[in-house]
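Novice: Encoded as structure tokens, here's the structure I'll be asking about.
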Amino acid sequence: MISQKTPQPQEILFLRGDINYTEFHLVNGKKYLSSFTLLRHQEKLEGFLRVSRKHLINPTYITDVECRHGLHQIMMVNGERIVVSRRRKSSVL
2 MISQKTPQPQ EILFLRGDIN YTEFHLVNGK KYLSSFTLLR HQEKLEGFLR VSRKHLINPT
62 YITDVECRHG LHQIMMVNGE RIVVSRRRKS SVL
């Protein structure tokens with residue numbers, strides 16, 4: 002479902018951007034598609050971390066950070082693994 006309304010920050014696990022769309026992954030397991038860019042949502046969501054070009058995460062729902070073979074991954078409460086880009090590693094970790 003495409004939505005113009007942003008869910009409440011406490012409901013959001015992370016956002017995944019894809020060109021001019023953003024997919025919201027919510028705590029309740031639902032997903033919503035927005036027709037706005039990830040950057041536009043980032044400007045509105047204080048405290049969220051931009052960990053890569055495609056991902057903006059809510060740090061409240063991080064369960065672990067793993068480093069294997071130089072690759073850093075963030076584990077979210079829903080089991081999703083999100084890779085931290087090399088460029089953003091120093092500002093995130």
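Sequential numbering of the sequence shown, starting at 2, is according to this note's numbering. Note that the Cβ used here is the ideal one computed from N, Cα and C, for glycine as well.
Should the segment 4-17 be called in touch with the segment 48-65, which here means at least 3 C-beta pairs below 8 Å?
Specialist: They touch, by the three-pair rule.
Novice: If you compare alpha carbons, which of R69, K45, V52 is closest to I83?
Specialist: In the sequence shown, counting from the first residue as 1, residue 83 sits at position 82. Cα-wise, what sits closest to I83 is V52.
Novice: Could you pull the start and end residues of the alpha helix (DSSP H) that H56 belongs to?
Specialist: The sequence position of residue 56 within the sequence shown is 55, counting from 1. Premise fails: H56 lies in the beta strand (DSSP E), 56-58, not in any alpha helix (DSSP H).
Novice: Return the first residue and the last residue of the alpha helix (DSSP H) that E44 is part of.
Specialist: Reading the sequence shown from its first residue, position 43 is the one you call residue 44. Note, E44: alpha helix (DSSP H), 39-45.
Novice: Just the Cα atoms here: how many angstroms apart are F25 and G48?
Specialist: The sequence position of residue 25 within the sequence shown is 24, counting from 1. The sequence position of residue 48 within the sequence shown is 47, counting from 1. When rounded, the distance between both Cα atoms is 16 Å.
Novice: My understanding is that R54 touches S86, with C-beta atoms under 8 Å, so please give their C-beta distance in whole angstroms.
Specialist: Residue 54 sits at position 53 when you count from the first residue of the sequence shown. Residue 86 sits at position 85 when you count from the first residue of the sequence shown. So it is a contact: roughly 7 Å between Cβ atoms.
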